[in-house]
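**Q** Quick one: this structure, given as structure tokens, is what I'll be asking you about.
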Amino acid sequence: MDSILVKGNGALNGVIPIAGAKNACLTLMPATLLSEEPLTLTNAPRLSDIRTMTQLLQSLGAEVASLQDGLVLALSSHKISNHTADYDIVRKMRASILVLGPMLARDGHAIVSLPGGCAIGARPVDLHLRALEAMGAELDLRDGYIHAKAPGGRLRGAVFAFPFVSVGATENALMAATLAKGTTVLENAAREPEIVDLARCLRRMGAQIEGEGTSTITIQGVDRLGGATHPVVTDRIELGTYMLAPAICGGEVELLGGRIDLVGAFCERLDAAGVNVTETARGLKVSRRNGRVNAVDVVTEPFPGFPTDLQAQMMALLCTADGVSVLEEKIFENRFMHAPELIRMGARIDVHGGHATVTGVDRLRGARVMATDLRASVSLILAAMAAEGETVVSRVYHLDRGYERVEEKLQACGAHIQRIAG
Ligand code: EPZ
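Once you know that position 135 of the sequence shown is 155 in our numbering, the rest is easy, because the numbers rise by one and skip nothing.
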């Protein structure tokens, strides 16, 4: 297993290109199952999760070609030859559950392994299933698989109110509704930019959708969808992650493709902490106002609130802030596993349930640390760049799921970071 060696360095200065969004691409790719026509995705990120989704779709009979060094994905599922999403793939990546709605909507049946939990929580899929049941699906859970059928081979439109916001369940229901008979209204739907991106792609394919980006999405089912070419939206989590690099290390970095509207609540917390974010013709420029940032409190919420996927990275910044910060994680039940690793680097963090209290220290110290999940791994790298001495981050396969060429992007701004093949 590879690890990453980071030597604490001074200010970072340079330019970082931001890739297409992993969490948009992982829901756009299954949309190919809804149509017999080709779907081409541009600005695709080059990540291991995308390769896993490619394998899954190919196992179902879809054709997926990765072109232009992975930046373009050419997908087509003229026919779904296998309607079973196997546990061995699904357990590697929970987003695999997103093939359920499209297969059920297209062919009236599907068998998908239950994804199982992951490091940050149990991650149930009950809302996905309840939304599909509201649309007429008959579901039988046995042997660790979801056996799904649509009576008469077609789902029917329904009004479904999510008891709480779920990104994946909204995506599954949205895709399924595009081919259902009649009108579907999804209430308390997720508002994430990845949902908006999916709706725009589906509309290009011929779907009739209104309200994406608000809490109520209305879909008028159609008999069939066509093909489309669609650019994957910028990755707001990669963007926010790299915005924190100059905030933690000092200096000034321009994030190419960055957009304020994708990271509104995050920018508000950065501003409160004393970090300048300015829009440029190419993206966003970030630098901190003074030598040290101020402590700020953070509460994670569904979009447009502060994203849970930036909580670990923000904690790394607050470990060296002036004062005491409280981070409240309201989305996942176990998403502070980066805290013990940051404590190994000299951070002062007290975790109690969903709250982490961080007392800023002058400087962190390099140490051997272990990545536990995707976003925790990159928060350790951010902390290591600002620490004194050397840090080795192990188990970086977590990192490669969601960040392409992280060493190269940071080296280009002056970071002393390299990958050690393991
Ligand atoms: C998506 O996961 C993202 N993954 C996650 O990013 C992100 O953290 C999350 O949304 C929240 O923004 C992808 O898009 C591939 P949810 P998802 O359904 O859809 C509970 C990353 O680092 N819940 O909005 O699984 C769930 O356990 C990943 O890129 C149910 O109880 O998230 C969680 O506590 C991590 N039942 C909360 O709701 C359900 O049926 C929100 O989950 C579904 C979810």
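C-beta: ideal position from N, C-alpha, C; glycine also.
#1: Under 8 Å by Cβ, that's how I've got G90 and R111 pegged, so tell me the actual separation to the nearest angstrom.
#2: Determine the extent of the beta strand (DSSP E) in which S414 is found, giving its start and end residues.
#3: Based on the DSSP output, what are the partners of K99 in its beta bridges?
#4: For a test of your reading of the model: does the CB of H148 fall under 7 Å from any non-hydrogen atom of the ligand EPZ? Yes or no.
#5: Can you list, in chain order, the residues of its chain with a C-beta nearer than 6 Å to that of A396? Leave out the 5 residues immediately preceding and following it.
#6: Between the Cα of L259 and those of I440, V426 and T104, spot the shortest distance and give me the residue it belongs to.
#7: With H, G and I counted as helix, E and B as strand and the rest as coil, what does DSSP make of A170?
#8: Measure the CB-CB distance between R364 and A387 and report whether it falls below 8 Å.
#9: So V187 packs on I229, CB below 8 Å; how close in whole Å?
#10: For the beta strand (DSSP E) that M390 lies in, which residues bound it at each end?
#11: The ligand EPZ and R211: does any heavy atom of the ligand fall closer than 7 Å to the residue's C-beta?
#12: Note down, in chain order, each residue of its chain lying with its Cβ closer than 6 Å to the Cβ of M113, except the 5 sequence neighbours on either side.
#13: Check F182 in the structure and name its three-state DSSP category.
#14: Check this for me: beta carbons of L59 and A227, under 8 Å apart or not?
#15: With DSSP run on the structure shown, which of helix, strand or coil describes P5?
#16: Once DSSP output is grouped into helix, strand and coil, what is the label at C339?
#17: Alpha carbon to alpha carbon, how far is L120 from R421? Give it in angstroms, no decimals.
#18: Using only the heavy atoms of the ligand EPZ, determine whether one of them is closer than 7 Å to the beta carbon of R111.
#19: In or out: P144 buried (at least 16 other Cβ within 10 Å) or exposed?
#20: The alpha helix (DSSP H) with T190 in it runs from where to where?
#21: Does the contact criterion of 3 or more C-beta pairs under 8 Å hold for the segment 31–44 versus the segment 71–85?
#22: Opposite F326 in the DSSP bridges: which residues?
#23: Of all Cβ atoms in chain C, is any one closer than 8 Å to the Cβ of T52?
#24: Assign E353 to one of two classes, buried (16 or more other C-beta atoms within 10 Å of its C-beta) or exposed (fewer than that).
#25: Going by the C-beta, is S68 closer than 7 Å to any heavy atom of the ligand EPZ?
#26: Should A435 and G271 be called a contact, given that it needs their Cβ atoms to be closer than 8 Å?
#27: Is any non-hydrogen atom of the ligand EPZ found closer than 7 Å to the C-beta of S183, if you look at the structure I gave you?
#28: What do you reckon, are the CB atoms on V17 and S116 nearer than 8 Å?
**A** Let me spell this out:
#1: Along the sequence shown, read from residue 1 onward, the residue named residue 90 stands at position 70. Along the sequence shown, read from residue 1 onward, the residue named residue 111 stands at position 91. 24 Å between Cβ atoms; not a contact.
#2: For the purposes of this step, residue 414 is taken as residue 394 along the sequence shown, with counting starting at 1. Counting along the chain, the beta strand (DSSP E) containing S414 begins and ends at E410 to S414.
#3: Reading the sequence shown from its first residue, position 79 is the one you call residue 99. DSSP, once it has assigned bridges, lists no residue as partnering K99.
#4: For the purposes of this step, residue 148 is identified with residue 128 of the sequence shown, where counting begins at 1. Because some heavy atom of the ligand EPZ lies under 7 Å away, the Cβ of H148 counts as near it: yes.
#5: Numbered from 1 along the sequence shown, position 376 holds the residue referred to as residue 396. The answer, listed in chain order, is A332, M357 and H358.
#6: Reading the sequence shown from its first residue, position 239 is the one you call residue 259. Of I440, V426 and T104, the residue nearest in Cα terms is V426.
#7: Here residue 170 refers to the residue found at position 150 when the sequence shown is read from its first residue. In the structure shown, A170 sits in coil (DSSP, three-state: anything other than H, G, I, E or B).
#8: Working through the sequence shown from its first residue, we reach residue 364 at position 344. Working through the sequence shown from its first residue, we reach residue 387 at position 367. The answer is yes: Cβ separation under 8 Å.
#9: The residue you call residue 187 lines up with position 167 of the sequence shown. The residue you call residue 229 lines up with position 209 of the sequence shown. With a Cβ gap of about 16 Å, V187 and I229 do not count as contacting.
#10: One-based indexing of the sequence shown puts residue 390 at position 370. Here the beta strand (DSSP E) through M390 covers R388 to M390.
#11: One-based indexing of the sequence shown puts residue 211 at position 191. Result no, Cβ not under 7 Å from the ligand EPZ.
#12: The residue you call residue 113 lines up with position 93 of the sequence shown. The answer, listed in chain order, is D69 and T72.
#13: Position 162 of the sequence shown, counted from the start, is the residue given in the question as residue 182. Note: F182 maps to coil in three-state DSSP.
#14: In the sequence shown, the residue the question calls residue 59 occupies position 39. In the sequence shown, the residue the question calls residue 227 occupies position 207. Going by C-beta atoms, L59 is not nearer than 8 Å to A227.
#15: In the structure as shown, the chain begins at 21 and stops at 442. Residue 5 is therefore absent and cannot be evaluated.
#16: Locating residue 339 in the sequence shown gives position 319, counting from the first residue. Looking at C339 - three-state DSSP - the assignment turns out to be coil, as it is neither helix nor strand.
#17: Working through the sequence shown from its first residue, we reach residue 421 at position 401. Working through the sequence shown from its first residue, we reach residue 120 at position 100. Computed Cα separation, rounded: 22 Å.
#18: Taking the first residue of the sequence shown as position 1, residue 111 is located at position 91. Flag unset: Cβ of R111 not near the ligand EPZ.
#19: Translated into the one-based positions of the sequence shown, residue 144 becomes position 124. Classification for P144: exposed.
#20: To locate residue 190, count along the sequence shown from 1; it is residue 170. Residues V187 to A197.
#21: Between the segment 31–44 and the segment 71–85 there are fewer than three inter-stretch CB-CB distances shorter than 8 Å, so the stretches are not counted as touching.
#22: Against the sequence shown, residue 326 aligns to sequence position 306. Looking at the DSSP assignment, F326 forms a beta bridge with T320.
#23: In the structure shown, chain C cannot be found, because there is only a single protein chain.
#24: Position 333 of the sequence shown, counted from the start, is the residue given in the question as residue 353. So E353 ends up on the exposed side.
#25: Locating residue 68 in the sequence shown gives position 48, where the first residue counts as 1. Result no, Cβ not under 7 Å from the ligand EPZ.
#26: Position 415 of the sequence shown holds residue 435. Position 251 of the sequence shown holds residue 271. At least 8 Å separates the beta-carbon of A435 from that of G271.
#27: Within the sequence shown, residue 183 is the residue found at index 163, counting from 1. Note on identity: in this sequence residue 183 is Pro, with Ser being the wrong assignment. Flag unset: Cβ of P183 not near the ligand EPZ.
#28: In the structure as shown, the chain starts at 21 and stops at 442, and residue 17 therefore has no counterpart that could be examined.
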